[in-house]
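These notes concern the structure reproduced below.
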Amino acid sequence: SLLIPAVSSLYPTPQQPPTPGFIAPTPNSQAILSFPCKARGIDSKHNQTNAYIQVPQRSSHGALLVCSHLLCASSGRRFRWCSVCKVPAAKRNFMKRHSHGIITSHRFT
Numbered sequence: 006s007l008l009i010p011a012v013s014s015l016y017p018t019p020q021q022p023p024t025p026g027f028i029a030p031t032p033n034s035q036a037i038l039s040f041p042c043k044a045r046g047i048d049s050k051h052n053q054t055n056a057y058i059q060v061p062q063r064s065s066h067g068a069l070l071v072c073s074h075l076l077c078a079s080s081g082r083r084f085r086w087c088s089v090c091k092v093p094a095a096k097r098n099f100m101k102r103h104s105h106g107i108i109t110s111h112r113f114t
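Quick note on my numbering: the sequence shown kicks off at 6 and runs consecutively.
Next up, the structure:
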């Protein structure tokens with residue numbers, strides 16, 4: 006017989022935070038990468054346990070990302086995916102530090 010793992014064991018929940026680099030399969034066969042949010046000065050409860058950024062594995066360079074923590078997301082902090090470094094980078098300095106010659110327009114928003 007075919008054993009299928011419980012859905013709760015495949016996907017992170019608020020009680021079970023994802024670990025850095027966690028990859029969860031999705032129904033459309035695209036994995037989700039999870040990274041702890043590195044934004045500072047939000048709240049004492051904004052930590053790697055409950056504040057993380059989830060990135061679809063096939064995201065394009067410069068894809069817009071938001072933290073899972075409500076206060077962080079509502080504060081306007083945004084991130085972009087750097088496909089070269091394989092990390093979420095702050096949106097405000099993405100062009101200067103992470104364009105890698107792939108993005109050349111300064112009007113990239």
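Note that beta-carbon positions come from the ideal geometry of N, C-alpha and C, so glycine has one too.
Are the beta-carbon atoms of residue i and residue j separated by less than 8 Å?
i	j	result
L69	R82	no
C72	A44	yes
Of the residues the options, which one's Cα is nearest the Cα of residue i?
i	options	result
S88	A95, G67, C77	G67
A159	F40, P93, A95, K96	A question about residue 159 goes unanswered here, because the residues of the chain that appear run from 6 up to 114.
A78	G46, L38, A36, Q35	G46
Q53	V60, Q62, C42	C42
I107	P61, Q59, N98, S65	S65
I58	S49, K50, R85, Q35	R85
H51	H74, H105, R102, R97	H74
P61	D48, L76, S80, K91	K91
Q35	D48, R63, S49	R63
S49	I37, L38, L76	L76
Return helix, strand or coil for residue i, following the three-state DSSP convention.
i	result
C87	strand
A78	helix
T18	Any reading at T18 needs caution, since the residue's pLDDT is 47, under 50, leaving its predicted position unreliable; the model's value is listed next. Strand, per DSSP.
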